Amino acid sequence: MTSTLTPQPVDRAEPARTGTVPRRRTRVLALPEARWAAAATVFFLLALPLQLTGAPAWTWGPLYALSYVTGGWEPGWEGLKALKERTLDVDLLMVVAALGAAAIGQVMDGALLIVIFATSGALEALATARTADSVRGLLDLAPATATRLTPDGGEQTVAVEELAVGDTVLVRPGERVGADGRVLDGASDVDQATITGEPLPVAKEPGDEVFAGTLNGTGALRVRVERDASDSVIARIVRMVEEASETKAPTQLFIEKVEQRYSLGMVAATLAVFLVPLAFGAQLTDSLLRAMTFMIVASPCAVVLATMPPLLSAIANAGRHGVLVKSAVVMERLGQIDAVALDKTGTLTEGSPRVTDVRPLPGSGLDEGELLTLAAAAERPSEHPLARAVVDAARERGLGLPDAEDFTSAPGVGVTAVVQGRTVAVGAPARLLDGTGSTVAAVAGELEESGRTAVLVLVDGAPAGLLGIADRLRPDAAATVAALTTLTGTAPALLTGDNPRAAAHLAAEAGIDDVRAGLLPQDKLTAVQEMERAGRKVLVVGDGVNDAPALAAAHTGIAMGRAGSDLALETADAVIVRDELAAVPTTVALSRRARRLVVQNLVIAGVFITGLVVWDLAGNLPLPLGVAGHEGSTVLVGLNGLRLLRETAWQRAAAEGSD
Numbered sequence: 001m002t003s004t005l006t007p008q009p010v011d012r013a014e015p016a017r018t019g020t021v022p023r024r025r026t027r028v029l030a031l032p033e034a035r036w037a038a039a040a041t042v043f044f045l046l047a048l049p050l051q052l053t054g055a056p057a058w059t060w061g062p063l064y065a066l067s068y069v070t071g072g073w074e075p076g077w078e079g080l081k082a083l084k085e086r087t088l089d090v091d092l093l094m095v096v097a098a099l100g101a102a103a104i105g106q107v108m109d110g111a112l113l114i115v116i117f118a119t120s121g122a123l124e125a126l127a128t129a130r131t132a133d134s135v136r137g138l139l140d141l142a143p144a145t146a147t148r149l150t151p152d153g154g155e156q157t158v159a160v161e162e163l164a165v166g167d168t169v170l171v172r173p174g175e176r177v178g179a180d181g182r183v184l185d186g187a188s189d190v191d192q193a194t195i196t197g198e199p200l201p202v203a204k205e206p207g208d209e210v211f212a213g214t215l216n217g218t219g220a221l222r223v224r225v226e227r228d229a230s231d232s233v234i235a236r237i238v239r240m241v242e243e244a245s246e247t248k249a250p251t252q253l254f255i256e257k258v259e260q261r262y263s264l265g266m267v268a269a270t271l272a273v274f275l276v277p278l279a280f281g282a283q284l285t286d287s288l289l290r291a292m293t294f295m296i297v298a299s300p301c302a303v304v305l306a307t308m309p310p311l312l313s314a315i316a317n318a319g320r321h322g323v324l325v326k327s328a329v330v331m332e333r334l335g336q337i338d339a340v341a342l343d344k345t346g347t348l349t350e351g352s353p354r355v356t357d358v359r360p361l362p363g364s365g366l367d368e369g370e371l372l373t374l375a376a377a378a379e380r381p382s383e384h385p386l387a388r389a390v391v392d393a394a395r396e397r398g399l400g401l402p403d404a405e406d407f408t409s410a411p412g413v414g415v416t417a418v419v420q421g422r423t424v425a426v427g428a429p430a431r432l433l434d435g436t437g438s439t440v441a442a443v444a445g446e447l448e449e450s451g452r453t454a455v456l457v458l459v460d461g462a463p464a465g466l467l468g469i470a471d472r473l474r475p476d477a478a479a480t481v482a483a484l485t486t487l488t489g490t491a492p493a494l495l496t497g498d499n500p501r502a503a504a505h506l507a508a509e510a511g512i513d514d515v516r517a518g519l520l521p522q523d524k525l526t527a528v529q530e531m532e533r534a535g536r537k538v539l540v541v542g543d544g545v546n547d548a549p550a551l552a553a554a555h556t557g558i559a560m561g562r563a564g565s566d567l568a569l570e571t572a573d574a575v576i577v578r579d580e581l582a583a584v585p586t587t588v589a590l591s592r593r594a595r596r597l598v599v600q601n602l603v604i605a606g607v608f609i610t611g612l613v614v615w616d617l618a619g620n621l622p623l624p625l626g627v628a629g630h631e632g633s634t635v636l637v638g639l640n641g642l643r644l645l646r647e648t649a650w651q652r653a654a655a656e657g658s659d
């Protein structure tokens with residue numbers, strides 16, 4: 001039951017959006033697979049208590065029959081289509097096994113098998129539909145309309161699809177940029193985290209490039225369009241996610257890797273068990289009973305349960321600890337990874353800027369607290385992320401902030417205000433001073449060399465001090481990098497859209513040597529594809545729209561849940577809901593424990609099936625004993641797999657990841 005992400009047309013002929021963007025989301029029961037699985041489950045749950053309480057067969061028999069039909073027709077039909085193409089798959093085998101069980105009186109066993117398969121198919125269809133929803137919804141990041149400037153100086157509100165290369169558009173404060181282009185006039189700070197993952201807005205001035213869907217700050221910009229809407233970075237991200245989802249080979253669980261041989265062998269053997277005795281004069285009833293007994297004891301029920309309980313138990317245990325693993329396939333794949341690529345902002349870091357350094361300059365007469373108080377008071381009216389970081393730092397230190405008067409903000413430069421009778425300016429050193437003194441330049445250079453953003457504070461026109469602002473490394477980042485290195489045998493790589501200097505500094509703190517900075521989404525995708533082509537099974541951990549193509553193309557993708565974009569959360573195979581980075585290596589270790597249990601269970605199931613089959617073929621295996629042996633092996637492997645539900649399983653996985 002595999003499915004792929006199918007692009008659907010998006011209606012962009014709608015008025016300009018206001019407020020938040022509505023989220024596209026497929027309803028569960030809108031999927032036919034979910035409706036059929038729900039019906040099969042309901043009929044099964046109605047029939048089971050009637051059978052167990054000794055009710056007449058006419059009360060529960062039709063309900064089981066409806067469960068067979070509603071849950072089994074779709075996999076049966078798909079199996080028949082595969083058979084037409086000379087392929088025999090597990091879907092058809094399960095339906096045949098279920099019908100075989102019903103033929104010799106094991107109606108409940110067959111119905112349970114049907115319900116399990118129908119539910120699995122519905123969950124896969126839902127995951128695929130939700131991913132498609134997020135991909136299509138990504139286009140909503142770009143505005144539906146833009147303000148085009150005419151040659152005579154007038155303005156026209158047009159759909160972004162009508163913009164042509166060479167047009168000039170006006171982007172007002174607070175608006176989203178309507179097209180990829182280059183700034184002709186104006187200055188502002190643009191939040192382009194959705195494209196590059198940079199944690200801070202980027203100052204834009206004439207000659208700088210801007211991207212569709214990014215959010216303009218407090219200044220107005222005139223932008224010359226350089227790409228059609230269909231070729232914008234946002235549109236290309238959509239296409240890359242769709243292509244990666246479609247070309248990513250459907251994953252098979254361990255048992256499905258031998259599906260063809262097992263299926264063909266079982267069918268051939270069942271026919272032989274039925275026909276050979278007949279050829280030598282056996283009774284039809286005896287031959288049919290022996291063949292049905294063979295089909296039951298050789299059916300893959302125990303093998304299927306050998307695979308699923310460990311993986312499902314691992315999923316449940318991970319869920320209790322804040323990790324949403326979307327399927328058993330994903331849990332299996334996590335244990336196969338041998339290389340890791342990490343995003344920076346929001347993944348290795350907390351994703352929000354913080355003041356890390358307060359440096360009063362000699363001769364200013366200010367200490368750290370006084371400098372921070374003046375800067376925070378001047379910045380308090382501003383909505384800029386750096387301003388919020390300065391104000392938060394002052395409040396964390398318990399500093400009282402006096403009122404600011406005559407506040408002004410110059411996009412791309414900084415703010416100015418009068419605080420307690422003193423004129424305070426806060427902004428970029430290169431913008432506030434035409435020629436910074438050697439002391440200011442030295443301190444600013446030191447801060448920037450260590451990966452900080454330097455912010456200069458002027459008091460009455462004279463440099464008073466500098467603030468260093470940076471996105472802080474998560475407390476568990478270094479330990480997580482070390483644990484992933486231990487598990488995979490290779491240190492993770494850092495893939496980020498941030499500037500090389502900041503990326504290198506943070507990577508050094510986290511213990512990462514392989515740093516690839518300044519990457520756009522397609523660059524991250526290319527890096528992951530190169531690693532995959534080199535034979536690596538890559539785990540990508542990220543949180544933003546710009547990470548989505550790499551998440552989709554990787555062997556396995558994990559999204560950080562707290563600040564993760566909808567697209568990243570839907571595209572990823574697993575989500576760290578509690579935003580604890582240390583959960584990544586623990587989940588990988590738990591997956592490897594689950595895979596070991598799968599192998600154990602397959603050995604147990606194989607021993608039981610082989611023993612019962614030999615008994616049936618070489619002797620005369622009574623049907624009740626065959627059913628008991630078959631069900632006993634199923635229960636045994638199921639209970640063995642449930643061991644991963646225990647709390648100690650997560651603790652041992654955490655210890656394994658940190659060894």
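For the sequence shown, the positions run 1 to 659 when the numbering used here is used. In this text, a Cβ means the ideal position worked out from N, Cα and C, and glycines have one as well. In this text the structure is predicted, and so the values were computed from the model without any measurement.
Bridge partner(s) assigned by DSSP for residue i
| i | result |
| --- | --- |
| residue 204 | 188 |
| residue 422 | 419 |
| residue 463 | 458 |
| residue 409 | 415 |
| residue 558 | 541, 574 |
| residue 431 | Answer is none; residue 431 lacks a bridge partner. |
| residue 493 | 341, 514 |
| residue 181 | 210, 225 |
Other residues of its chain near residue i: CB distance less than 7 Å, five sequence neighbours each side excluded
| i | result |
| --- | --- |
| residue 192 | 198, 202, 211, 214 |
| residue 731 | Outside the shown range of the chain, which is 1 to 659, sits residue 731, and nothing can be said about it. |
| residue 380 | 391, 401, 404 |
| residue 310 | 594, 597, 598, 601, 641, 644 |
Reduced DSSP secondary structure (H/G/I, E/B, other) of residue i
| i | result |
| --- | --- |
| residue 350 | strand |
| residue 633 | helix |
| residue 360 | strand |
| residue 574 | strand |
| residue 12 | In this prediction, residue 12 has a pLDDT of 34, which is less than 50 and means its spatial position is unreliable; what the coordinates show is noted afterwards. Looking at residue 12 - three-state DSSP - the assignment turns out to be coil, as it is neither helix nor strand. |
| residue 156 | strand |
| residue 469 | strand |
| residue 620 | coil |
| residue 690 | No answer is possible for residue 690: it lies beyond the span of the chain, which begins at 1 and ends at 659. |
| residue 145 | strand |
| residue 297 | helix |
| residue 611 | helix |
| residue 215 | strand |
| residue 726 | Only positions 1 to 659 of the chain appear in this structure, which leaves residue 726 out of reach. |
Close beta carbons around residue i, own chain, < 8 Å, minus the five adjacent residues each side
| i | result |
| --- | --- |
| residue 535 | none |
| residue 165 | 225, 226, 227, 228 |
| residue 29 | 35, 38 |
Separation of residue j from residue i, as counted between CA atoms
| i | j | result |
| --- | --- | --- |
| residue 507 | residue 513 | 7 Å |
| residue 498 | residue 452 | 12 Å |
| residue 158 | residue 527 | 37 Å |
| residue 660 | residue 288 | Absent from the model: residue 660. The displayed extent of the chain is 1 to 659, so no value can be given. |
| residue 640 | residue 67 | 28 Å |
| residue 585 | residue 216 | 38 Å |
| residue 442 | residue 407 | 29 Å |
| residue 656 | residue 107 | 44 Å |
| residue 431 | residue 413 | 5 Å |
| residue 502 | residue 449 | 8 Å |
| residue 148 | residue 446 | 44 Å |
| residue 425 | residue 488 | 50 Å |
| residue 143 | residue 36 | 39 Å |
| residue 609 | residue 616 | 10 Å |
| residue 282 | residue 613 | 19 Å |
| residue 339 | residue 321 | 24 Å |
| residue 552 | residue 542 | 11 Å |
| residue 247 | residue 554 | Reliability fails at residue 247, whose pLDDT of 45 lies under 50, so the model's placement of it is uncertain and no value is given. |
CB contact check: residue i to chain C, cutoff 8 Å
| i | result |
| --- | --- |
| residue 489 | The chain inventory of the structure shown lacks chain C, comprising one protein chain alone. |
Own chain partners of residue i with C-beta closer than 6 Å, once the 5 adjacent residues on each side are dropped
| i | result |
| --- | --- |
| residue 48 | none |
| residue 649 | 317 |
Whole-number beta carbon distance between residue j and residue i, since they are thought to touch under 8 Å
| i | j | result |
| --- | --- | --- |
| residue 470 | residue 353 | 7 Å |
| residue 183 | residue 206 | 5 Å |
| residue 500 | residue 456 | Actually they are not in contact, since the Cβ atoms of residue 500 and residue 456 sit about 23 Å apart, beyond 8 Å. |
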